[in-house]
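Novice: The structure that follows is given in the form of structure tokens.
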Amino acid sequence: MAELAINGGKQTFSDFWPAWPVYTEQDKAALIEVLESRNWGGYPAPNQKAREFGEAFAAAHDSKYGICAANGTVTLEIALRAAGVKAGDEVIVTPYSWIATAGAPVTINAVPVFADVQPDTYCLDPAAVEAAITDRTRAIIPVHLGSIVADLDALMAIAEKHGLTLIEDCAHMHGAKWNNKGIGSHGHLGSFSFQSSKLMTAGEGGIILTSSKELEERCQAHVNCGRKEPGYDSFEGLVFSGNHRITEFQAALLLVRLQAMESERKLREENATHLSSLLTDIDGIRPMAKDSRITHQSVYQYIFRYDPAAFGGASRDRFVEALNAEGIPADGDFYIPIYKSPLFPISADRFPAIRERYGDRIDGSKIDCPVCDKAAYHEAVWLHHPLFMAGKKEMEIIAEAIGKIQKHAGELSDD
Ligand SMILES: Cc1ncc(COP(=O)(O)O)c(C=O)c1O
196 MAELAINGGK QTFSDFWPAW PVYTEQDKAA LIEVLESRNW GGYPAPNQKA REFGEAFAAA
256 HDSKYGICAA NGTVTLEIAL RAAGVKAGDE VIVTPYSWIA TAGAPVTINA VPVFADVQPD
316 TYCLDPAAVE AAITDRTRAI IPVHLGSIVA DLDALMAIAE KHGLTLIEDC AHMHGAKWNN
376 KGIGSHGHLG SFSFQSSKLM TAGEGGIILT SSKELEERCQ AHVNCGRKEP GYDSFEGLVF
436 SGNHRITEFQ AALLLVRLQA MESERKLREE NATHLSSLLT DIDGIRPMAK DSRITHQSVY
496 QYIFRYDPAA FGGASRDRFV EALNAEGIPA DGDFYIPIYK SPLFPISADR FPAIRERYGD
556 RIDGSKIDCP VCDKAAYHEA VWLHHPLFMA GKKEMEIIAE AIGKIQKHAG ELSDD
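Taken in order, the sequence shown gives residues 196 to 610; the numbers are from the working numbering.
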């Protein structure tokens, strides 16, 4: 008789996982307050709640300024523009991310250059970054991926040595700290998303952090149709830009969500730590390496590494199917390498700036990031954050389901 749920055996978990997003009476009251104020925002920018939230979120991450914006895609574009990155400049990015990380340079006619990730963190490898630098490099965009912070000490040292701007893509990692200092405040600029799947959300939204007054004012102008509001006088001219403001409804909701950020982060960290201790005992499963400099871990996705050899050769995707069938929602191909995305055979006809580095088009098959390829297609398994809003017992159930699949891996043959 079959044991695995994928073959008709009994499911390990058939209850509900915590719902996401979370809201309380306080969230409702905050929205009603904005409604009744008749100041729904965003213009003027920053409006009242957006200013309040920007300051509070920046302070919570040990940064001076927080500039709210419409989403975490445009925040990356604005950060690049504010840093003075221009058409033809090269920007080193991680390939193991959502497309926006590499799409932002493309959108401003800069050239994305992919450097590989580290095998034990899946974050940008400082050695690969150093090797990718040319005299056209202007910026580096690491992503703090899943629940692991990229090596900010090494990346910042490289940025400083070569006079580059470091833009941290923190879309996954609200509330995390590296060496007891908020992420997004180590580089020159930090970019966050408040899109609906993220750890803090207002449905949509984004924010840029910086401790430079000039960068703050440049970002603010880019958010606000290129305008300079009164008091924003640290740089000369107006800039061409669109309207990327958030509304007062979003900012009001985010102000309430910010109050819950640390307690939710702590709960997820405790659960993730417990799960890691359990997974370490299962042959063929390895949690990602958690650097001791990650002093406050934030878990957007808990990623672990899967070794088919310990599962009778079953592919990562087959394992993920089996895990889902056991009642544990998981993803294998949450991200594919950005250069393999159907959007990425970018042509020089449309984006002439890429020609010097890539010729007529960016050909993903010629980009050599083997660690990223292995993670994306064979090794990485992703568990989404709502699971970590449950308790210790549920972490034990996740480990039990994985252990069960391993014990009965013989049932996983792909035919
Ligand atoms: C790593 C990363 N960067 C950028 C973004 C873009 O954020 P948004 O969806 O708010 O545009 C996302 C969100 O999906 C992301 O995961």
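All C-beta atoms in this analysis are idealised placements derived from N, C-alpha and C, irrespective of residue type, glycine included. Quick caveat: nothing in here was measured; it's all calculated off a predicted structure.
How far does the beta strand (DSSP E) with P307 in it extend, from its first residue to its last?
Specialist: Along the sequence shown, read from residue 1 onward, the residue named residue 307 stands at position 112. Unbroken beta strand (DSSP E) run through P307: V306 to F309.
Novice: Given a cut-off of 8 Å, decide if A397 and L448 are closer than it, judged by their beta-carbon atoms.
Specialist: Here residue 448 refers to the residue found at position 253 of the sequence shown. Here residue 397 refers to the residue found at position 202 of the sequence shown. Yes, these two residues count as a Cβ contact at 8 Å.
Novice: Give the straight-line distance between the Cα atoms of T302 and E272, rounded to the nearest whole angstrom.
Specialist: The residue you call residue 302 lines up with position 107 of the sequence shown. The residue you call residue 272 lines up with position 77 of the sequence shown. Roughly 7 Å between the two C-alpha positions.
Novice: I need the straight-line Cα distance from D210 to P524, nearest angstrom please.
Specialist: For this step, residue 210 is matched to residue 15 along the sequence shown. For this step, residue 524 is matched to residue 329 along the sequence shown. D210 and P524: Cα-Cα distance of roughly 12 Å.
Novice: Closer than 6 Å from C-beta to any heavy atom of ligand 1: which residues, in chain order?
Specialist: Answer in sequence order: N266, G267, T268, S292, W293, A295, T296, V338, D364, A366, H367, S388, Q390 and G401.
Novice: Given a cut-off of 8 Å, decide if Q445 and G400 are closer than it, judged by their beta-carbon atoms.
Specialist: In the sequence shown, residue 400 corresponds to position 205, counting from 1. In the sequence shown, residue 445 corresponds to position 250, counting from 1. Their beta carbons are under 8 Å apart, which means G400 touches Q445 by this criterion.
Novice: Contact defined as beta carbons within less than 8 Å: I believe I531 pairs with A585. What is the distance between those atoms, to the nearest angstrom?
Specialist: Locating residue 531 in the sequence shown gives position 336, where the first residue counts as 1. Locating residue 585 in the sequence shown gives position 390, where the first residue counts as 1. That pair is no contact at about 29 Å.
Novice: Consult DSSP for A594 and reduce its assignment to one of helix, strand or coil.
Specialist: Stepping through the sequence shown from its first residue, residue 594 is reached at position 399. Reduced to three states, the DSSP call for A594 is helix.
Novice: When we look at the beta-carbon of G508 and count the other beta-carbons within 10 Å, is it buried (16 or more) or exposed?
Specialist: Here the question's residue 508 lines up with position 313 in the sequence shown. By the 10 Å Cβ count, G508 comes out exposed.
Novice: So what does F387 bridge to, in DSSP terms?
Specialist: The count along the sequence shown starts at 1 and reaches residue 387 at position 192. I402.
Novice: Can you give the Cα-Cα distance for T268 and M368, rounded to whole angstroms?
Specialist: Numbered from 1 along the sequence shown, position 73 holds the residue referred to as residue 268. Numbered from 1 along the sequence shown, position 173 holds the residue referred to as residue 368. Taking the straight line joining both Cα atoms gives about 15 Å.
Novice: Looking at D364 and P337, is the spacing between their C-beta atoms short of 8 Å?
Specialist: By one-based count along the sequence shown, residue 337 stands at place 142. By one-based count along the sequence shown, residue 364 stands at place 169. Contact flag set, yes.
Novice: Could you tell me the boundaries of the alpha helix (DSSP H) in which D512 lies?
Specialist: Here residue 512 refers to the residue found at position 317 of the sequence shown. That run of the alpha helix (DSSP H) goes R511 to A520.
Novice: If we call anything under 8 Å between Cβ atoms a contact, is A371 one with S493?
Specialist: By 1-based counting over the sequence shown, the position of residue 371 is 176. By 1-based counting over the sequence shown, the position of residue 493 is 298. Yes; because the gap between Cβ atoms is below 8 Å, this pair is in contact.
Novice: Short check: CB of Y534 to CB of S342, under 8 Å?
Specialist: Along the sequence shown, one-based indexing puts residue 534 at 339. Along the sequence shown, one-based indexing puts residue 342 at 147. No. Outside cutoff.
Novice: Residues bridged to A615 by DSSP?
Specialist: The displayed coordinates of the chain run from 196 to 610. Any statement about residue 615 would go beyond what the structure contains.
Novice: From V324 to V280, what does the alpha carbon distance come to, in whole angstroms?
Specialist: Taking the sequence shown and counting its residues from 1, one reaches residue 324 at position 129. Taking the sequence shown and counting its residues from 1, one reaches residue 280 at position 85. The alpha-carbon atoms of V324 and V280 are separated by roughly 18 Å.
Novice: How about the segment 598 to 609 and the segment 500 to 516: do they share at least three Cβ pairs that are nearer than 8 Å?
Specialist: These segments touch.
Novice: Taking C-alpha atoms, which residue in S406, Y218 and T316 lies nearest to P482?
Specialist: Within the sequence shown, the letter at position 287 stands for residue 482. Checking every option, the nearest Cα to that of P482 belongs to T316.
Novice: For A366, which of helix, strand or coil comes out of DSSP?
Specialist: The sequence position of residue 366 within the sequence shown is 171, counting from 1. The answer is coil: DSSP assigns A366 none of H, G, I, E or B.
Novice: Is there contact here, the segment 414 to 425 with the segment 236 to 256, by at least three beta-carbon pairs under 8 Å?
Specialist: The segment 414 to 425 is in contact with the segment 236 to 256.
Novice: To the nearest angstrom, report how far apart T296 and S388 are at their CA atoms.
Specialist: On the sequence shown, residue 296 is found 101 positions in, with the first residue counted as 1. On the sequence shown, residue 388 is found 193 positions in, with the first residue counted as 1. T296 and S388: Cα-Cα distance of roughly 12 Å.
Novice: Look at L450 and E247 and say whether their C-beta atoms are less than 8 Å apart.
Specialist: To locate residue 450, count along the sequence shown from 1; it is residue 255. To locate residue 247, count along the sequence shown from 1; it is residue 52. For L450 and E247, yes; Cβs fall inside 8 Å.
Novice: Please identify the residue among I328, A416, P307 and T289 whose C-alpha is closest to the C-alpha of D568.
Specialist: Here residue 568 refers to the residue found at position 373 when the sequence shown is read from its first residue. Nearest option by C-alpha distance: T289.
Novice: Is the Cβ of I303 closer than 8 Å to any Cβ of chain C?
Specialist: Looking at the structure shown, chain C is missing, and only one protein chain is on hand.
Novice: Starting from L347 and walking both ways along the alpha helix (DSSP H), at which residues does that stretch end?
Specialist: Indexing the sequence shown from 1 puts residue 347 at position 152. First-last of the alpha helix (DSSP H) with L347: L347 to H357.
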